[in-house]
Amino acid sequence: MWLTLWFLSFSNIIIQGLTILAPIDSPNTDGIDPVKSGWDKYGIKVGIPTEHLVFRRLTCISPESATIALGSEMSGGIRDVRAEDITAIDTQSSVRIKTAVGRGAYVEDIYVRRITLKSMKYVFWTGSYGSHPDPGFDPKALPL
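Those letters in the sequence shown? Residues -17 to -1, 1 to 127, per mature numbering (1 follows the signal peptide of the UniProt record, and there is no 0), in order.
Okay, structure coming up:
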């Protein structure tokens, strides 16, 4: 059974006591990937950022993905993200910022403290995610 939590245009959500389990060899199994502020030209047009996120007391094992992923559907922008008291074990990256040409918008004010890393490939990973389900994306819309 797979569980996906996907929120759009939300505020004041608290999730506590959550355990997420996936087969260890599953691809693209980020521990927490809440940032969906819009996709390509549609997210740019609406322009509602994902902001004021706090992650606390999280433990993640994810050899193929990230403990916390921001994006890739981030065309409305991402700002003011706080992560603290995090343990990442045998995880590809602790924080992964997924962007791509055509996404536009910005990622800013990401703050991480008291993070314990064990057997990591990348501490912070940023870069092109390269995924565009919409063929009409604007190649001039560059993320900041």
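We put the CB at the ideal spot given by N, CA and C, even for glycine.
- Here residue 70 is actually not in contact with residue 45; their C-beta atoms are around 12 Å apart, not less than 8 Å.
- In the three-state reduction of the DSSP assignment, residue 89 falls in the coil class.
- In the three-state reduction of the DSSP assignment, residue 112 falls in the coil class.
- Per DSSP, the continuous alpha helix (DSSP H) segment holding residue 29 begins and ends at 23 to 29.
- In this structure, the alpha-carbon of residue 79 lies about 24 Å from that of residue -6.
- Shown here for residue 59: same chain residues with a beta carbon closer than 8 Å to its own, the five before and five after excluded, namely 20, 21, 26, 27, 29, 30, 31, 32, 33, 88 in chain order.
- Taking a C-beta distance under 8 Å as the contact criterion, residue 50 and residue 77 qualify as a contact pair.
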